[in-house]
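Residue numbers (this note's numbering): 488 to 558.
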């Protein structure tokens, strides 16, 4: 089971890539416990990753290793 759920507030860890807006609060909008098929997803190592949305409406996909709970 994924450690974070869609009810959790999250943020990118301090050393996450700048494109993931480290430290900025976001909401989980989707949880992927297995990597889906498709060229976009090959950038992620095996493991849990998330789609998150920032307050300004921008969304990003982020691997569990770059994410922490904001609570």
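Cβ atoms here follow ideal geometry from the backbone N, Cα and C, with glycine treated the same way.
Relative to the alpha-carbon of residue i, which residue among the options has its alpha-carbon at the smallest distance?
{"i": "residue 537", "options": "544, 555 and 525", "result": "555"}
{"i": "residue 517", "options": "546, 525, 532 and 552", "result": "546"}
{"i": "residue 511", "options": "522, 523, 490 and 498", "result": "498"}
{"i": "residue 495", "options": "515, 544, 521 and 528", "result": "515"}
So is residue i buried or exposed if we call it buried at 16+ other beta carbons inside 10 Å?
{"i": "residue 490", "result": "exposed"}
{"i": "residue 466", "result": "Nothing can be reported for residue 466, as the shown portion of the chain is limited to 488 through 558."}
{"i": "residue 501", "result": "exposed"}
{"i": "residue 488", "result": "Any answer about residue 488 is weak, because its pLDDT of 46 lies below 50 and its placement is not dependable; what the coordinates show is given next. The residue is exposed, with fewer than 16 neighbouring Cβ atoms inside 10 Å."}
Return the Cβ separation of residue i and residue j in integer angstroms, given the expectation that the two are a contact with Cβ distance under 8 Å.
{"i": "residue 539", "j": "residue 557", "result": "Contact doesn't hold; Cβ gap of about 11 Å is too wide."}
{"i": "residue 532", "j": "residue 550", "result": "7 Å"}
First and last residue of the beta strand (DSSP E) that includes residue i?
{"i": "residue 550", "result": "546-550"}
{"i": "residue 517", "result": "512-519"}
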